[in-house]
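Please read the structure below before turning to the comments.
2 protein chains.
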Amino acid sequence: MAVPQSTHEGLDSRQSAGLAVLKERFHNRYSDAAAVREQHGHTTTWHANQAPDAVIFAQGEGDVVETVRICADHGLPIIAFGTGTSLEGQVNAPRGGVSIDMAAMNAVVRVSPEDLDCTVQPGVTRKQLNTHLRDTGLFFPIDPGADASLGGMAATRASGTNAVRYGTMKDNVLAVRAVLANGEVMTTAQRARKTSAGYDLTRLMIGSEGTLGIITELTLKLHGIPETIAGGVCPFTSISGACNAVIATIQCGIPVARIELLDTAQVRACNAYSKLGLDEVPTLFVEFHGTEAGVGEQAALFGEIAESHGGGPFKWETEAEKRTALWQARHDAYWAALQLRPGAKGVATDVCVPVSRLADCIAETISDIEDCGFLAPIVGHVGDGNFHVLPLIDMNDAQEVARAEAFLSRLAERAVAMEGTCTGEHGVGQGKVKYLKRELGEASVAAMIAIKRALDPGNIMNPGKIFAIGE
Amino acid sequence: MAVPQSTHEGLDSRQSAGLAVLKERFHNRYSDAAAVREQHGHTTTWHANQAPDAVIFAQGEGDVVETVRICADHGLPIIAFGTGTSLEGQVNAPRGGVSIDMAAMNAVVRVSPEDLDCTVQPGVTRKQLNTHLRDTGLFFPIDPGADASLGGMAATRASGTNAVRYGTMKDNVLAVRAVLANGEVMTTAQRARKTSAGYDLTRLMIGSEGTLGIITELTLKLHGIPETIAGGVCPFTSISGACNAVIATIQCGIPVARIELLDTAQVRACNAYSKLGLDEVPTLFVEFHGTEAGVGEQAALFGEIAESHGGGPFKWETEAEKRTALWQARHDAYWAALQLRPGAKGVATDVCVPVSRLADCIAETISDIEDCGFLAPIVGHVGDGNFHVLPLIDMNDAQEVARAEAFLSRLAERAVAMEGTCTGEHGVGQGKVKYLKRELGEASVAAMIAIKRALDPGNIMNPGKIFAIGE
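Which chain is which? The protein sequence lines are A and B, in order. First residue of the first sequence: 2, per this note's numbering; consecutive thereafter. First residue of the second sequence: 2, per this note's numbering; consecutive thereafter.
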């Protein structure tokens, strides 16, 4: 595939000297063992592993500052590593350099139930935070499939199943602290719920994929656990019926908390992997949050909409255990799909379109999948117009790989042509670099690069991601 | 007051040549008449008028591109002008140059009810848009007091009474088109509800106060008009009781659509100006959006909270006409307050703190007002922790002006010390420049300036605002 291959051909003497300085400084928290390096170039998906030259295990912000300063002095790339669950090659080291592992910076610094916010270190994972919050009546809603680190989720502007109701990381981070390429520590905001004090550096850092700085602390919004949660499953006779039910639900203003589409292939995969016992037809997983009466109103209205689009029966319940099993299966959809073709790689991708174009975009994509002869389950956060396709590809078959590559390009172009985006939540990383200008135009990408050069003139911060500069 | 006075001491010959080029190009859409220039340096509040050297009346994006290119070639500052209702000197021309009036770019380009979004030119005002939408069942919620232009509202990251439920401009703009200092037109995003495609240039432009580019088009989120709207008024025996009722309301997770505090002085002013007939005590104006049952639940719960904090009776109703009168009075609060001391200027300011600190911040501020001997009504979007103080000052009394200046500094420092911000919604403009480093630190302000220099190396885009560079 046209993944940017490593341009890394060994370090120059200045860079090698930088590694020696780092080794001297961090001793047993510095590793250049092959297995450790390889693990830190790990990508969950089909991108080839491009390992860094060394890994530093950070224990605090001071370690990050020191590492950045040493890297800057020696022209060494530096790449932040959380849990390694990004999907577009964000943690790869195509130009070598240092991976800085943030996993040990995993303290929940402060929780303020009275302000519905908290401050965490970047290595805290979303599940760890919600476990920490369990006695407060509060939760943090953003849930990508993996139990990712919150620093990584901010860096990639992650979202997940709850985004249709609670927004994405963009909407749920009040402030970050970050170490910039010059070694200075920046605080993007204090804790007020809103501010007009200068440029929105918080949002600039969210989604910058480690190319502008390394996040060392995040202040997050929290939400009250709803009085009542109702979840359910609704089968459809056709995928277009399911899409149109989603469109109608959003247009009616039902404040649905989650609305997820699984196509027939994905339902089959989840049945096998998670023992769901569902009818193997296009299916929506739905959840409502509110008061008991409110949730009942929402569910009834959704059931009527579904029925008028060939859906139903819509079965829902408020019992926690069964709902949890359902959503765990949804989060395991990627692993379930991989089992459909053992030995194949999942070429994970995501696009997002205005919701009115969702049915068209999915229909054209299914037709394309059929033409390609791929096994490629579709699953998605369809309330936002966001969906994933996972072609299962034999990476040893060059022709199949080339066909998959061409399919991904057509999918991205299709979404962009429908006024959507080539990535709703996975980020650009290495895999989507080539689509960015097509989507946003030369002037926008030039503005991004100007900002990148202004804040990181040495191009040490995760080089080769989002846009290819300095090659 | 320590408002940055004009450093403008006449144009140099290159700049004068630029004006001649503009005059030649735009003919009767170029004006250097004193009255027109003065109107475009107009500030609603206490900042001194600093008029531009000329005004261009733009009719389309092409005019903006041409004007920016001519200004860039001749080192002329360029300042976008919408309705002139900003409050911190944002439209002033401290270094002279050109004001570009966007009022005639007031077309609603597209409304897509099926996607709950629309595209508008920047001169469209918030009321104009809502009038345009009146048959769609949709509305645009952001409502600063003035009927401001949407371009200006985006540029200053405006909010208003609905922000506690619907967010600010940051949350309700999907994309902007903007002319950059190099004359290129940038589109920050397409229309998908969420995207991870590169840096969040949309949010970077929102709140940049015209210092990075001039917005020529905005794509906005719209919201369904709620099935039922209930609004009401709740008097309190003390301002601390009212604040604590707000804190409890937010902490309980009541999805209040509006919750506004008026102190006794402000209620008195509104009674006189808007004939409200309210008890002259600290008062909350509250509104709930939802289904009929949902709104009833919310109102009942709020009533109980208010009563336990010395509030009530809470009278509410769903009839549109009476609600409208109430909120018009709230939006006229500024003009009402000015009548309390005819001839005085209103030294408008705003701060925002975490909601748990709201009662403390307001109590300390009231004590400060009493020590100063000012007439200074307080009004605010207290659900967000955001409030305004309006000292009514005789600008001819230098001692009083100096006392007001010291009061503003203490207020900003107090909010910042409580982990809040020196401005929740008015922006930095000229008036808050001196607080920004105190709030965010040197590294953040340096990062903002680096971005500014990268995108506007000639410093032609609204120079002298947000931070003082190039002086």
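Think of the CB as a built atom: it goes at the ideal place given N, C-alpha and C, for glycine as much as any other residue.
Where does the unbroken alpha helix (DSSP H) through residue i begin, and where does it stop?
i, result
"V402 of chain B", "A399 to A418"
"S309 of chain B", "E293 to S309"
"L205 of chain B", "L202 to M206"
"R439 of chain A", "L437 to L441"
"A35 of chain B", "A35 to H41"
"T325 of chain B", "A321 to H332"
Taking 8 Å as the CB-CB cut-off, is residue i touching chain A?
i, result
"I143 of chain B", "no"
"E10 of chain B", "no"
"C353 of chain B", "yes"
"C423 of chain B", "yes"
"R454 of chain B", "yes"
"V474 of chain B", "With chain B running from 2 to 472 in the structure shown, residue 474 of chain B is simply not present."
"K1 of chain B", "Residue 1 of chain B lies beyond the range of chain B shown here (2 to 472); nothing can be said about it."
"E293 of chain B", "no"
"Y335 of chain B", "no"
"Y200 of chain B", "yes"
"A3 of chain B", "Any answer about A3 of chain B is weak, because its pLDDT of 41 lies below 50 and its placement is not dependable; what the coordinates show is given next. No, because no Cβ of chain A sits closer than 8 Å to the Cβ of A3 of chain B."
"V417 of chain B", "yes"
"R166 of chain B", "no"
"T250 of chain B", "no"
"R411 of chain B", "no"
Using CA coordinates, which residue listed in the options is at the minimum distance from residue i?
i, options, result
"L341 of chain A", "A:C362, A:T350 and A:I379", "A:I379"
"I80 of chain B", "B:E89, B:A94, B:W336 and B:T86", "B:A94"
"A155 of chain B", "B:K466, B:S17, B:V429 and B:T203", "B:T203"
"E371 of chain B", "B:G168, B:A266 and B:E25", "B:A266"
"F375 of chain B", "B:G386, B:R358, B:G381 and B:V402", "B:V402"
"E414 of chain A", "A:N163, A:G428 and A:R439", "A:R439"
"M103 of chain A", "A:G242, A:Y31 and A:S197", "A:Y31"
"G347 of chain B", "B:L279, B:A334, B:V174 and B:R358", "B:A334"
"E25 of chain A", "A:D201, A:V354, A:H41 and A:E67", "A:E67"
My understanding is that residue i touches residue j, with C-beta atoms under 8 Å, so please give their C-beta distance in whole angstroms.
i, j, result
"V356 of chain A", "T422 of chain A", "V356 of chain A to T422 of chain A, Cβ: 13 Å. No contact."
"L77 of chain A", "G90 of chain A", "Between G90 of chain A and L77 of chain A the Cβ distance is about 19 Å, and since that is not below 8 Å, they are no contact."
"E298 of chain B", "T120 of chain A", "So it is not a contact: roughly 33 Å between Cβ atoms."
"M462 of chain A", "A18 of chain A", "Not a contact, Cβ separation roughly 20 Å."
"A326 of chain A", "Y274 of chain A", "With a Cβ gap of about 12 Å, A326 of chain A and Y274 of chain A do not count as contacting."
"V192 of chain B", "L219 of chain B", "Residue identity check: residue 192 of chain B is Arg in the sequence provided, not Val. Not a contact, Cβ separation roughly 12 Å."
"V1 of chain B", "G233 of chain B", "A query on residue 1 of chain B cannot be resolved here, the shown segment of chain B reaching from 2 to 472 and no further."
Where do the N-terminal and C-terminal ends of the beta strand (DSSP E) with residue i fall, by residue?
i, result
"W47 of chain A", "Looking at the DSSP string, W47 of chain A is not in any beta strand (DSSP E), and its letter there is neither H nor E."
"V110 of chain B", "V109 to S113"
"L219 of chain B", "G214 to K222"
"C353 of chain A", "T350 to C353"
"D118 of chain B", "D118 to V121"
"E100 of chain B", "The displayed chain sequence assigns Ser, not Glu, to residue 100 of chain B. Run containing S100 of chain B: V99 to D102, per the beta strand (DSSP E) assignment."
"R259 of chain A", "R259 to L263"
"T187 of chain A", "Residue identity differs from the one stated: residue 187 of chain A is Met in this sequence, not Thr. First-last of the beta strand (DSSP E) with M187 of chain A: V186 to T188."
"L175 of chain A", "V174 to L181"
"C72 of chain A", "Taken as a continuous stretch (DSSP letters only), C72 of chain A belongs to no beta strand (DSSP E), being part of the alpha helix (DSSP H) at E62 to H75."
Short of 8 Å in beta carbon distance, which residues of its chain neighbour residue i, apart from the five on each side in sequence? Order them along the chain.
i, result
"I452 of chain B", "L205 and L213"
"A3 of chain A", "For A3 of chain A, the predicted structure reports a pLDDT of 41, less than 50, and the residue's modelled location is therefore unreliable. A value from the coordinates is still provided. For A3 of chain A, where only same-chain residues beyond five positions count, the Cβ hits under 8 Å are E406 and K435."
"I470 of chain B", "I450, K453, R454, N460 and P464"
"A105 of chain B", "F58, A59, Q60 and G124"
Is residue i close to chain B? Criterion is C-beta to C-beta, closer than 8 Å.
i, result
"K195 of chain A", "yes"
"I306 of chain A", "no"
"S309 of chain A", "no"
"I207 of chain A", "yes"
"D116 of chain A", "yes"
"E218 of chain A", "no"
Return the chain-ordered list of same chain residues with a C-beta closer than 7 Å to the C-beta of residue i, the five sequence neighbours on each side being excluded.
i, result
"T319 of chain B", "T229, I230 and A231"
"L88 of chain B", "T45, T46, A349 and H427"
"T511 of chain B", "Summary: the structure shown does not reach residue 511 of chain B, with chain B confined to residues 2 through 472, and so no result is reported for it."
Enumerate in chain order the residues of its own chain whose CB-to-CB distance from residue i is below 6 Å, with the five nearest sequence positions on each side excluded.
i, result
"Q6 of chain A", "The predicted position of Q6 of chain A is uncertain, since its pLDDT is 44 and thus under 50; no value can be drawn from it."
"F237 of chain B", "A243, P283, G311 and G312"
"V112 of chain A", "C119"
"M419 of chain B", "V354, R358 and C362"
"A149 of chain B", "T84 and T86"
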